[in-house]
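So the structure is just underneath, and the comments pick up after that.
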Amino acid sequence: MRHFAISALSALAVSGCTIAQAGPPVLDDRASMFAAVQAEEALSGTTIIARAHNAAGGETFVRPGTLFLSGYNIIRSADGAETLWDRYAMWRVFGDEKADAHAANGKVRIEAWSGDAIAMLLSFDGATTYTKDGPMADQSANAMWGANFGFGAIRNALDEGWIQTRKTDRLIDGKPAFMVELIDPAGGKTLFGFDQGDYSILYVGFDTPRGWHERRYSHYFEKPGISWRQAGRVRLFYNGVKANEAIWTDFQIGAPLEDERFVIDEAPIEPTF
Numbered sequence: 000m001r002h003f004a005i006s007a008l009s010a011l012a013v014s015g016c017t018i019a020q021a022g023p024p025v026l027d028d029r030a031s032m033f034a035a036v037q038a039e040e041a042l043s044g045t046t047i048i049a050r051a052h053n054a055a056g057g058e059t060f061v062r063p064g065t066l067f068l069s070g071y072n073i074i075r076s077a078d079g080a081e082t083l084w085d086r087y088a089m090w091r092v093f094g095d096e097k098a099d100a101h102a103a104n105g106k107v108r109i110e111a112w113s114g115d116a117i118a119m120l121l122s123f124d125g126a127t128t129y130t131k132d133g134p135m136a137d138q139s140a141n142a143m144w145g146a147n148f149g150f151g152a153i154r155n156a157l158d159e160g161w162i163q164t165r166k167t168d169r170l171i172d173g174k175p176a177f178m179v180e181l182i183d184p185a186g187g188k189t190l191f192g193f194d195q196g197d198y199s200i201l202y203v204g205f206d207t208p209r210g211w212h213e214r215r216y217s218h219y220f221e222k223p224g225i226s227w228r229q230a231g232r233v234r235l236f237y238n239g240v241k242a243n244e245a246i247w248t249d250f251q252i253g254a255p256l257e258d259e260r261f262v263i264d265e266a267p268i269e270p271t272f
């Protein structure tokens, strides 16, 4: 497993680049600064996406069928106070096609517990959105999902009707990153960042009803015999302020998920995972 706790300064040192001791870098040395100039200019957005698919697990990543993730979640309030959801899980059934990257599709259930108390329950069965209090009105549900759906755009990014446009390179947590904007068939835009070394997904950003939403991915891990690289840490930001950190410690790919799991008649009295 590769760890990604490397600083920008360390990244420069490891790469062998010269770090100026004093004063700004001169014009002729600008290429020694990561992301100051475009790396591998001949690479298109389409090629970068294809390489990222391959690095993440190939066809298994693009068409996993179902996904189960479990771990915990660290919630941050506006003043920085921490609330721990010590049991946290997501079940996902993926749709075959996706025309709008920021609309709910397929099926999803998210369940969180803080000690013995249920902290959050949210589900979409393909038509209706549920919370622990029952079905939600369509308008409020659509706004809620619009602030959460977006990462899945990467899986459909090479489908017919999608556009992949390379953008300016940047640093993501000190890592030189290729940036690619995806435009889905509905016209929605999603910005992705990929590690220039191994094409790991480092970043996704998109506009939401809550403002500009960013996610940063790190601490990838794998399981023997499974073509899948899972981000162990996902940090979520809205308008530049960190809202929470989802820490995933386990995953399952392609397991059967019954339809009943996504329909909530009443809140469970204990974790269902």
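Under numbering that gives the first Met the number 0, the first residue of the sequence shown carries the number 0, and numbering increases by one thereafter.
Every residue, glycine too, gets a C-beta built ideally from N, C-alpha and C.
Leaving out five residues on either side along the sequence, give the residues of the same chain with a beta carbon under 7 Å from the beta carbon of residue i.
i: residue 256; result: 65, 90, 92
Leaving out five residues before and five after residue i in sequence, what residues of the same chain have Cβ atoms less than 6 Å from its Cβ?
i: residue 87; result: 70, 71, 72, 111
i: residue 214; result: 203, 233, 235
i: residue 162; result: 182
i: residue 55; result: 228
i: residue 102; result: none
i: residue 68; result: 89, 247, 250
i: residue 154; result: 61
i: residue 109; result: 89, 121
Opposite residue i in the DSSP bridges: which residues?
i: residue 107; result: 91, 123
i: residue 113; result: 116
i: residue 267; result: According to DSSP, residue 267 bridges with nothing at all.
i: residue 211; result: 206
i: residue 174; result: 171
i: residue 200; result: 193
i: residue 250; result: 68
i: residue 188; result: 182
i: residue 220; result: 229
i: residue 159; result: DSSP, once it has assigned bridges, lists no residue as partnering residue 159.
i: residue 166; result: 178
i: residue 86; result: 112
i: residue 255; result: Paired residues: none, contrary to the question.
From residue i to residue j, what does the alpha carbon distance come to, in whole angstroms?
i: residue 176; j: residue 128; result: 36 Å
i: residue 188; j: residue 226; result: 28 Å
i: residue 267; j: residue 133; result: 12 Å
i: residue 230; j: residue 245; result: 10 Å
i: residue 19; j: residue 150; result: At residue 19 the pLDDT is 44, less than 50, meaning the model places this residue with poor confidence and gives no usable figure here.
i: residue 96; j: residue 104; result: 9 Å
i: residue 135; j: residue 53; result: 38 Å
i: residue 74; j: residue 240; result: 12 Å
i: residue 120; j: residue 39; result: 44 Å
i: residue 254; j: residue 221; result: 17 Å
i: residue 185; j: residue 126; result: 19 Å
i: residue 191; j: residue 178; result: 6 Å
i: residue 117; j: residue 269; result: 8 Å
i: residue 164; j: residue 252; result: 30 Å
i: residue 205; j: residue 237; result: 10 Å
i: residue 57; j: residue 243; result: 29 Å
i: residue 258; j: residue 264; result: 13 Å
At what residues does the alpha helix (DSSP H) containing residue i begin and finish?
i: residue 58; result: 58-61
i: residue 44; result: 44-55
i: residue 73; result: From DSSP, residue 73 is part of no alpha helix (DSSP H) but of the beta strand (DSSP E) over 65-75.
i: residue 225; result: Here residue 225 belongs to no alpha helix (DSSP H), and DSSP marks it neither H nor E.
i: residue 155; result: 152-155
Any chance the CB of residue i is under 7 Å from a heavy atom of the ligand PLP?
i: residue 192; result: Only the bare structure without any ligand can be found here, which leaves the ligand PLP out of the picture.
Output the boundary residues of the beta strand (DSSP E) element that contains residue i.
i: residue 238; result: No beta strand (DSSP E) holds residue 238; DSSP gives it neither H nor E.
Is there a Cβ from chain C that is less than 8 Å from the Cβ of residue i?
i: residue 139; result: No chain C is present in this structure, which holds just one protein chain.
Who are the near neighbours of residue i in its chain, counting only those whose CB is closer than 8 Å to its CB and skipping five residues on each side?
i: residue 158; result: 96, 97
* Stretch pair the region 163-176 + the region 139-146: three plus CB contacts closer than 8 Å -> By the Cβ test, the region 163-176 is not in contact with the region 139-146, since fewer than three Cβ pairs between them sit closer than 8 Å.
* State whether the region 199-211 contacts the region 113-126, with contact taken as three or more CB pairs (one from each stretch) at a distance under 8 Å. => no
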